[in-house]
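Note sheet for the following structure.
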Amino acid sequence: DAGITQSPRHKVTETGTPVTLRCHQTENHRYMYWYRQDPGHGLRLIHYSYGVKDTDKGEVSDGYSVSRSKTEDFLLTLESATSSQTSVYFCAVGDSGTSTDTQYFGPGTRLTVL
Amino acid sequence: QKEVEQDPGPLSVPEGAIVSLNCTYSNSAFQYFMWYRQYSRKGPELLMYTYSSGNKEDGRFTAQVDKSSKYISLFIRDSQPSDSATYLCAMSGNDYKLSFGAGTTVTVRA
Numbered sequence: 059d060a061g062i063t064q065s066p067r068h069k070v071t072e073t074g075t076p077v078t079l080r081c082h083q084t085e086n087h088r089y090m091y092w093y094r095q096d097p098g099h100g101l102r103l104i105h106y107s108y109g110v111k112d113t114d115k116g117e118v119s120d121g122y123s124v125s126r127s128k129t130e131d132f133l134l135t136l137e138s139a140t141s142s143q144t145s146v147y148f149c150a151v152g153d154s155g156t157s158t159d160t161q162y163f164g165p166g167t168r169l170t171v172l
Numbered sequence: 106q107k108e109v110e111q112d113p114g115p116l117s118v119p120e121g122a123i124v125s126l127n128c129t130y131s132n133s134a135f136q137y138f139m140w141y142r143q144y145s146r147k148g149p150e151l152l153m154y155t156y157s158s159g160n161k162e163d164g165r166f167t168a169q170v171d172k173s174s175k176y177i178s179l180f181i182r183d184s185q186p187s188d189s190a191t192y193l194c195a196m197s198g199n200d201y202k203l204s205f206g207a208g209t210t211v212t213v214r215a
């Protein structure tokens, strides 16, 4: 599992509330990614980080923000959750950020926004 | 139109059968092609990785890429109940950005 943990594993929240998901890795990978997985859409990149305090947007970044203050932690924040953000969120890690780099995925967080 | 199209199935086969999975894509810049396996309630794990066109074999698994047709395949020989999972194709060009298919759910019946 490449030493990746995600917390919480399950969360139910209400529309309009802030939510923070945490990804923690123990193997010093430089790159970290947040994806969401929805039926019929596969995995879509939300944000990624290429180092401490270095982040950039992915394909579906609207409504999400991220922070990385330490190599091992990458936080995903939904400032004001909406029902369209109900999804399964996966964190992934990699080393080079290139096409030949293998991305290793965490176990996922299942988020329900009521 | 999505960049990567994958039939979601579900696909149900008897144990020992050959499982055939495929994806089509529209972006001619894609050069790196991957198959991930995802068990229920788990994260995806890399199964096969192929660069450009051709075949790659790893045990019971064979990945094929036909760039001229923009078509990739994964074959699982002598399928086992433990192969029951969702299989995701993924591909990229000269950067880190992976484009995933929606996934095909496979059940191998004992």
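If you read the sequences in order, they're chains A and B.
Take any residue in the first sequence, count from 1 to its spot, add 58: that is its number in the numbering used here.
Take any residue in the second sequence, count from 1 to its spot, add 105: that is its number in the numbering used here.
The beta-carbon is built from N, C-alpha and C at its ideal position, and this holds for glycine as well.
All values reported here derive from a predicted model rather than from experimental measurement.
Check	Outcome
Within chain B, partners of residue 103 of chain A - CB distance below 8 Å	202 and 203
Partners in chain B for residue 156 of chain A, counting only beta-carbon separations shorter than 7 Å	201
Residue 138 of chain B to residue 200 of chain B span [Cα, whole Å]	13 Å
Closer than 9 Å to chain A by CB, residue 115 of chain B	no
Residue 116 of chain A vs residue 140 of chain A beta-carbon contact at 9 Å	no
Candidates B:172, B:120 and B:160: closest to residue 182 of chain B by CA position	B:120
Beta strand (DSSP E) runs contained entirely in the stretch 127-152 of chain A, provided each spans 3 or more residues	131-136 and 145-152
Given 8 Å, three or more beta-carbon pairs between the stretch 192-212 of chain B and the stretch 78-85 of chain A	no
CA nearest to the CA of residue 168 of chain B, picked from B:114, B:109 and B:124	B:124
Sufficient close CB pairs (3 or more, under 8 Å) joining the stretch 155-163 of chain B to the stretch 133-153 of chain A	no
Contact belief for residue 167 of chain A with residue 67 of chain A at Cβ below 8 Å, rounded distance in angstroms	6 Å
For residue 91 of chain A, the residue or residues it bridges with in DSSP	A:106 and A:150
CB contact check: residue 176 of chain B to chain A, cutoff 9 Å	no
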